[in-house]
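Q: Chains Y and H supply the protein sequences, listed in that same order.
Numbering follows numbering that gives the first Met the number 0, with no gaps: position 17 of the first sequence is 16.
Numbering follows numbering that gives the first Met the number 0, with no gaps: position 44 of the second sequence is 43.
No residue lacks a Cβ here, since even glycine has one placed at the ideal position from N, Cα and C.
For clarity, every value in this text was computed on a predicted model and none was experimentally measured.
Number of protein chains: 2
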Amino acid sequence: MQILISHRQSVPTPWRKAFPDGMKVNGPTQPQVAESRIIWLDLSRLKVAQRQLWLQQALDHQRPLVVMSPTPSDDEALQMLKLGARAYCHSLAALNQLEQIAQVLSHGGFWVGTGFMQRLMGLVASDEGPGSLPAGHPFLSLTGREQSVAKAVARGGSNREIAQSLQIAERTVKAHLSSAFIKLGVRDRVQLALLINSLALQPA
Amino acid sequence: MQILISHRQSVPTPWRKAFPDGMKVNGPTQPQVAESRIIWLDLSRLKVAQRQLWLQQALDHQRPLVVMSPTPSDDEALQMLKLGARAYCHSLAALNQLEQIAQVLSHGGFWVGTGFMQRLMGLVASDEGPGSLPAGHPFLSLTGREQSVAKAVARGGSNREIAQSLQIAERTVKAHLSSAFIKLGVRDRVQLALLINSLALQPA
DNA sequence: CCAGGCCCTGTACCAAAGGGCAATAACCGG
DNA sequence: CCGGTTATTGCCCTTTGGTACAGGGCCTGG
């Protein structure tokens with residue numbers, strides 16, 4: 000069953016058609032909300048200050064949340080998704096879009112509009128070419144074994160675990176790590192892990 | 000009709016079940032590809048050098064393109080999506096995931112895995128204010144001081160440095176950290192750093 | 001007022017990480 | 001065959017990290 004939280008007087012037609020047995024409630028704290036498989040939060044007629052509160056309360060039910068905005072924007076989408084929403088669309092989104100969103104969210108996915116997705120891609124893709132690793136990146140200066148060990152550290156492994164998984168002595172792991180620290184100019188395994196994990200997906 | 004471009008000898012079972020009338024071809028230049036509504040490109044058994052070429056050729060058909068990788072990674076996903084793919088999934092993705100992808104792409108959308116999406120969100124969210132964490136994020140269960148210390152660790156700081164910057168004893172830093180480890184269910188500072196930076200922890 | 005949370009710190013101890021020194025071994029181009 | 005790189009490991013040491021135990025003070029809601 001679908002629950003729509005909205006301040007509108009009536010349920011938008013597309014939504015009613017998509018979910019004939021859906022129910023509209025007037026606030027995120029209504030008891031029926033807990034029954035919902037997916038929660039639809041309509042921001043129409045909501046003051047800005049109230050949006051945040053309702054969103055939080057809606058999220059507290061631990062259900063996939065769709066935010067519907069009467070005036071969608073990329074920035075608002077980003078904000079809502081950051082706060083925990085799983086989808087963001089227009090308050091009057093078309094029938095088949097609503098169905099698709101329900102489908103995707105019921106399987107644990109995210110849904111965002113094409114335009115927003117493209118902007119997202121643009122943000123993270125901006126500084127790189129086709130190859131995922133910058134040509135002269137220091138990580139490539141590591142030897143094969145050093146890279147193996149470094150990657151394992153970047154996944155949170157301890158020296159002992161790495162030694163076992165690579166079938167070598169713990170001392171050898173330390174040796175490779177020491178060498179990697181020097182080559183990459185870092186101090187310890189934490190900095191190494193951070194460095195390696197920001198390789199291909201640089202935020203800024 | 001669905002077209003799968005693949006070097007495999009046989010069509011993966013999930014794909015065959017999802018698209019019983021789908022057809023497999025051995026390369027992106029086969030004439031049948033032009034007939035497809037969605038093009039599925041399987042990278043299995045393809046040399047790295049060949050991937051790029053095939054992808055470009057497949058994209059030339061001006062159809063939504065799904066890239067299927069035998070060894071998916073966030074980095075590869077980003078690369079493929081940047082080049083123009085509309086979806087990225089495992090070569091042996093489950094039946095219902097394939098159906099969902101077809102659904103979304105046929106309506107002009109993008110499809111990416113939940114993990115990748117979350118990482119993408121994390122990246123673009125990183126330059127925003129601190130009050131932007133997903134609701135229910137374990138990080139929020141930390142007390143104020145614990146959060147400060149944890150953030151410093153996530154930037155690669157040592158206990159001594161953190162103590163100095165927060166003007167407290169090193170012992171206190173350790174206390175906050177121990178508490179954070181328990182609350183977040185991690186073992187040490189490396190895993191803490193990875194968790195806070197929204198990176199996946201892999202056991203092996 | 002008191003319980004309980006948060007913040008702070010001390011002593012002590014143990015485990016893990018990191019590094020210096022040294023050695024063996026495989027491999028590879030000249 | 002030799003020098004250079006890589007991979008491996010041992011012994012031993014220091015530093016750092018993490019925890020156990022034991023408090024202190026501050027503040028807030030019941």
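Would you mind sorting Q55/H into buried or exposed? The rule is 16 or more other CB atoms within 10 Å of its CB.
A: Here residue 55/H is taken as the residue at index 56 of the second sequence, counted from 1. Counting Cβ neighbours within 10 Å, Q55/H comes out exposed, since fewer than 16 surround it.
Q: Can you pull the chain Y neighbours of H106/H, defined as C-beta to C-beta under 8 angstroms?
A: By one-based count along the second sequence, residue 106/H stands at place 107. What H106/H touches in chain Y: N95, Q96, Q99.
Q: So which of I4/Y, I195/Y, D74/Y has the shortest CA-CA distance to R183/Y?
A: Taking the first residue of the first sequence as position 1, residue 183/Y is located at position 184. A quick correction: the sequence has Leu, not Arg, at residue 183/Y. If we check each option's Cα against that of L183/Y, I195/Y comes out closest.
Q: Using DSSP with H/G/I as helix, E/B as strand and the rest coil, what is Q1/Y?
A: Here residue 1/Y corresponds to residue number 2 of the first sequence, with the count starting at 1. Strand.
Q: Give a yes or no on whether 9 angstroms exceeds the smallest Cβ distance from M67/H to chain Y.
A: On the second sequence, residue 67/H is found 68 positions in, with the first residue counted as 1. No, M67/H does not count as interfacial toward chain Y.
Q: Please confirm if the region 5 to 17 of chain Y is in contact with the region 59 to 66 of chain Y, defined as three or more CB-CB distances below 8 angstroms between the two stretches.
A: Touching, no, given that fewer than three Cβ pairs across the two stretches are closer than 8 angstroms.
Q: Kindly indicate if chain H contains any beta-carbon less than 9 angstroms away from that of L0/Y.
A: In the first sequence, residue 0/Y corresponds to position 1, counting from 1. It is worth fixing the name first, because residue 0/Y is Met in this sequence and not Leu. Not closer than 9 angstroms to any Cβ of chain H, the Cβ of M0/Y fails to qualify, so no.
Q: Would you list, in chain order, the members of the region 183 to 194 of chain H that have their beta-carbon closer than 7 angstroms to a beta-carbon of chain Y?
A: Under the 7 angstroms Cβ criterion, the region 183 to 194 of chain H contributes R188, V189, Q190, A192, L193.
Q: Any idea if I100/Y is buried or exposed, counting beta-carbon neighbours within 10 angstroms, 16 or more meaning buried?
A: What you label residue 100/Y is simply residue 101 of the first sequence in a count that begins at 1. It counts as buried.
Q: Since I believe V66/H is in contact with L104/H (beta carbons under 8 angstroms), could you give me their beta-carbon distance rounded to a whole number of angstroms?
A: Residue 104/H sits at position 105 when you count from the first residue of the second sequence. Residue 66/H sits at position 67 when you count from the first residue of the second sequence. Between V66/H and L104/H the Cβ distance is about 12 angstroms, and since that is not below 8 angstroms, they are no contact.
Q: Contact defined as beta carbons within less than 8 angstroms: I believe A179/H pairs with A149/H. What is the distance between those atoms, to the nearest angstrom?
A: By one-based count along the second sequence, residue 179/H stands at place 180. By one-based count along the second sequence, residue 149/H stands at place 150. Confirmed, Cβ separation roughly 5 angstroms.
Q: Counting only beta-carbon atoms, is G21/Y nearer than 9 angstroms to chain H?
A: Taking the first sequence and counting its residues from 1, one reaches residue 21/Y at position 22. For G21/Y, the answer is no, since every Cβ of chain H falls outside 9 angstroms of its Cβ.
Q: Under a three-way DSSP split, which group does H89/H fall into?
A: Locating residue 89/H in the second sequence gives position 90, counting from the first residue. Correct three-state label for H89/H: strand.
Q: Residues of chain H with CB closer than 7 angstroms to the CB of L80/Y, please, in chain order.
A: Along the first sequence, one-based indexing puts residue 80/Y at 81. Neighbours of L80/Y on chain H, chain order: M120.
Q: Can you list the residues of chain H that F109/Y reaches, using a CB-CB cut of under 7 angstroms?
A: For this step, residue 109/Y is matched to residue 110 along the first sequence. T113, M116, listed in chain order.
Q: Since G108/Y and T113/H should fall inside the 8 angstroms C-beta cutoff, what is the C-beta to C-beta distance between them, to a whole number of angstroms?
A: For the purposes of this step, residue 108/Y is taken as the residue at position 109 of the first sequence. For the purposes of this step, residue 113/H is taken as the residue at position 114 of the second sequence. 6 angstroms between Cβ atoms; contact.
Q: What are the residues of the region 154 to 168 of chain H that lie near chain Y, defined by any Cβ-Cβ distance shorter than 7 angstroms?
A: From the region 154 to 168 of chain H, only G155 have a Cβ closer than 7 angstroms to chain Y.
Q: Measuring CA to CA, which of V24/H, M22/H, D73/H, E145/H is closest to T171/H?
A: Sequence index remark: in the second sequence, residue 171/H carries index 172 (1-based). Ranking V24/H, M22/H, D73/H, E145/H by Cα distance to T171/H puts E145/H first.
Q: Within the 9 angstroms Cβ cut-off, does Q102/H reach chain Y?
A: Along the second sequence, read from residue 1 onward, the residue named residue 102/H stands at position 103. It does: the Cβ of Q102/H has a partner Cβ on chain Y nearer than 9 angstroms.
Q: Output needed for E160/Y: all residues of its chain with C-beta closer than 8 angstroms, excluding positions within five of it in sequence on either side, in chain order.
A: One-based indexing of the first sequence puts residue 160/Y at position 161. Cβ within range, chain order: A151.
Q: What does the alpha-carbon distance come out to for the pair A168/H and D187/H?
A: For this step, residue 168/H is matched to residue 169 along the second sequence. For this step, residue 187/H is matched to residue 188 along the second sequence. Spanning the two alpha carbons is a distance of roughly 19 angstroms.
Q: If you follow the alpha helix (DSSP H) that V152/H is in, where does it begin and where does it stop?
A: Looking up residue 152/H in the second sequence gives position 153. Note, V152/H: alpha helix (DSSP H), 143 to 153.
Q: Mapping the DSSP letters down to three states, classify K23/H as helix, strand or coil.
A: Along the second sequence, one-based indexing puts residue 23/H at 24. Strand.
Q: If distances are taken between C-alpha atoms only, which option among A162/H, P11/H, H106/H comes closest to R36/H?
A: Mapped onto the second sequence, residue 36/H falls at position 37. Taking only the C-alpha atoms, the option nearest R36/H is H106/H.
Q: Go ahead and pull the three-state DSSP assignment for D41/Y.
A: If you number the first sequence from 1, residue 41/Y lands on position 42. Looking at D41/Y - three-state DSSP - the assignment turns out to be strand.
Q: Helix, strand or coil: which one does DSSP assign to V212/Y?
A: Any answer about residue 212/Y is impossible in this case: the structure gives chain Y only from 0 up to 203.
Q: Determine whether the beta carbon atoms of M120/H and K23/Y lie at a separation below 9 angstroms.
A: Locating residue 120/H in the second sequence gives position 121, counting from the first residue. Locating residue 23/Y in the first sequence gives position 24, counting from the first residue. No, Cβ-Cβ distance for M120/H and K23/Y is not below 9 angstroms.
Q: If you measure from the beta carbon of V172/H to each beta carbon in chain Y, is any gap under 9 angstroms?
A: Along the second sequence, one-based indexing puts residue 172/H at 173. Taking Cβ atoms only, chain Y never reaches closer than 9 angstroms to V172/H, which makes this a no.
Q: Using a Cβ-Cβ cut-off of 7 angstroms (strictly less than) and excluding sequence neighbours within five positions of P13/H, which residues of its own chain qualify?
A: For this step, residue 13/H is matched to residue 14 along the second sequence. Only L91, A92, A93, L94, L97 meet the Cβ criterion.
Q: Comparing alpha-carbon positions, which option in E34/H, P27/H, W110/H, A33/H lies nearest D41/H?
A: Counting from 1 along the second sequence, the entry for residue 41/H is found at position 42. The shortest C-alpha separation from D41/H is found at P27/H.
Q: Report yes if the C-beta distance between I2/Y and Q31/Y is below 9 angstroms; otherwise report no.
A: Taking the first residue of the first sequence as 1, we reach residue 2/Y at position 3. Taking the first residue of the first sequence as 1, we reach residue 31/Y at position 32. Against a cut-off of 9 angstroms, the Cβ pair of Q31/Y and I2/Y comes out as a contact.
Q: According to DSSP, is S68/H part of a helix, a strand, or is it coil?
A: Working through the second sequence from its first residue, we reach residue 68/H at position 69. S68/H: strand per DSSP, three-state reduction.
Q: Check the Cβ-Cβ distances between V148/H and every residue of chain Y, and say whether any is below 9 angstroms.
A: Along the second sequence, read from residue 1 onward, the residue named residue 148/H stands at position 149. Taking Cβ atoms only, chain Y never reaches closer than 9 angstroms to V148/H, which makes this a no.
Q: Beta-carbon separation of Y87/H and W110/H under 9 angstroms?
A: Along the second sequence, one-based indexing puts residue 87/H at 88. Along the second sequence, one-based indexing puts residue 110/H at 111. Against a cut-off of 9 angstroms, the Cβ pair of W110/H and Y87/H comes out as a contact.
Q: Is the distance from the Cβ of A192/H to the Cβ of A162/H below 9 angstroms?
A: On the second sequence, residue 192/H is found 193 positions in, with the first residue counted as 1. On the second sequence, residue 162/H is found 163 positions in, with the first residue counted as 1. Against a cut-off of 9 angstroms, the Cβ pair of A162/H and A192/H comes out as no contact.
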